[in-house]
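**Student:** Sharing a structure below in structure tokens format, with a few things to ask.
Below is the structure:
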């Protein structure tokens, strides 16, 4: 049986370049492409590279290339349908954001202490919202990711060591967000993990990179526009505590689903 070039993995220049760059990659790809990928696969494959001494950002970029090559292989050879492709790449985006954020949060806490809510006294976390195709679990292999960064309460970090420098929660999460974007979108020898678009945040590119719940609610009441109501329908929290996410959903719902 003759297989058309356009319906085989050989049609992809990325696939060919990636395989030809390292003699070990064809065998690795043949092994990985036997089964569909999931979070446990991502954890195992990433761990293999970090255990070999690679930094987390480089290991993640290499994993991204393997994930893309695997999806190309399975898709064009008829082993994966469209649902598997978009589900896998969306799940990988979630994994990349969550893994990088956890590592970067630990680094930031070591430098500046733990962000604490001014009113509640509770420790604060960055909630990363996936918007658009990421929010709807509809990414394709060439998609960028639309993100919004929010946190529950303003306040200051609680320091526990003399070398730590206290920051406001707002400044802490802005710095953390910048580091996260850099880790995911930086272009190095292995390419990048995802391009990141932050334009859907309140006030767009002119707004702060991270916003408290109070800031988000005030923006919705005073300035929220019609198209933003539609955009927030797909908002999905990739990180954060369940209680904070539920509170954010209560803020968002009246704006999106008006009576």
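In my numbering, the protein residues as written are 1 to 259. Think of the CB as a built atom: it goes at the ideal place given N, C-alpha and C, for glycine as much as any other residue. Given the structure is predicted, the values throughout are model-derived calculations rather than measurements.
Hey, how far is the Cα of residue 187 from the Cα of residue 127?
**Tutor:** For the purposes of this step, residue 187 is taken as the residue at position 187 of the chain shown. For the purposes of this step, residue 127 is taken as the residue at position 127 of the chain shown. Approximately 25 Å between the Cα atoms of the pair.
**Student:** So within the stretch 67-136, which uninterrupted beta strand (DSSP E) runs reach at least 3 residues, ignoring any that extend past its ends?
**Tutor:** Runs of the beta strand (DSSP E) inside the stretch 67-136: 114-117, 127-131.
**Student:** Starting from the N-terminal side, write out each stretch of the beta strand (DSSP E) that is 3 residues or longer and does not extend beyond the stretch 155-183.
**Tutor:** If we require 3 residues or more, the beta strand (DSSP E) runs fully inside the stretch 155-183 come out as 155-158.
**Student:** Please state the DSSP three-state secondary structure of residue 236.
**Tutor:** In the chain shown, the residue the question calls residue 236 occupies position 236. If DSSP states are grouped into helix, strand and coil, residue 236 belongs with the strands.
**Student:** Within the same chain, show all residues whose beta-carbon is closer than 7 Å to that of residue 160, passing over the 5 residues directly before and after it, in chain order.
**Tutor:** Translated into positions along the chain shown, residue 160 becomes position 160. The residues are 113.
**Student:** In this structure, how does DSSP classify residue 197 when only helix, strand and coil are distinguished?
**Tutor:** Taking the chain shown and counting its residues from 1, one reaches residue 197 at position 197. Strand at residue 197.
**Student:** Less than 8 Å between C-beta atoms, sequence neighbours within five positions excluded: which residues of the same chain meet that for residue 49?
**Tutor:** Position 49 of the chain shown, counting from 1, holds the residue named residue 49. Excluding residues within five positions, the ones whose Cβ falls inside 8 Å are 58, 59, 62, 63.
**Student:** On the criterion of 16 or more Cβ atoms from any shown chain inside 10 Å, does residue 142 qualify as buried, or is it exposed?
**Tutor:** Counted from its first residue, the chain shown places residue 142 at position 142. Burial call: exposed.
**Student:** Quick check: the Cα distance between residue 174 and residue 185, rounded to an integer number of angstroms?
**Tutor:** Your numbering for residue 174 matches position 174 in the chain shown. Your numbering for residue 185 matches position 185 in the chain shown. Distance between the alpha carbons of residue 174 and residue 185 is about 16 Å.
**Student:** By Cβ distance, which residues of its chain are closer than 7 Å to residue 196, with the 5 residues on each side in sequence left out?
**Tutor:** By 1-based counting over the chain shown, the position of residue 196 is 196. These residues qualify, in order along the chain: 144, 145, 147, 181, 184, 185.
**Student:** Please report the residue range of the beta strand (DSSP E) in which residue 263 lies.
**Tutor:** With the chain covering 1 to 259 only, the question about residue 263 has no answer from this structure.
**Student:** Based on the DSSP output, what are the partners of residue 146 in its beta bridges?
**Tutor:** One-based indexing of the chain shown puts residue 146 at position 146. According to DSSP, which records beta bridges pairwise, residue 146 is partnered with 131, 197.
**Student:** Would DSSP call residue 151 helix, strand or coil?
**Tutor:** Along the chain shown, one-based indexing puts residue 151 at 151. Strand.
**Student:** Secondary structure at residue 5, three-state DSSP: helix, strand or coil?
**Tutor:** Sequence index remark: in the chain shown, residue 5 carries index 5 (1-based). Residue placement at residue 5 is poorly supported in this model, since its pLDDT is 39, which falls under 50; the coordinates still yield a value, given next. Three-state result, residue 5: helix.
**Student:** Out of 155, 194, 123, point me to the one whose CA is closest to residue 68's CA.
**Tutor:** As a working note, residue 68 is residue 68 in the chain shown. Of the candidates 155, 194, 123, the one whose C-alpha sits nearest the C-alpha of residue 68 is 194.
**Student:** Could you tell me the boundaries of the alpha helix (DSSP H) in which residue 229 lies?
**Tutor:** For the purposes of this step, residue 229 is taken as residue 229 along the chain shown, with counting starting at 1. Element bounds for residue 229: 226-231.
**Student:** Less than 8 Å separating the beta-carbons of residue 235 and residue 131?
**Tutor:** The sequence position of residue 235 within the chain shown is 235, counting from 1. The sequence position of residue 131 within the chain shown is 131, counting from 1. Closer than 8 Å, so yes.
**Student:** When you compare the CB positions of residue 97 and residue 200, do they come within less than 8 Å of one another, or not?
**Tutor:** For the purposes of this step, residue 97 is taken as the residue at position 97 of the chain shown. For the purposes of this step, residue 200 is taken as the residue at position 200 of the chain shown. For residue 97 and residue 200, no; Cβs fall outside 8 Å.
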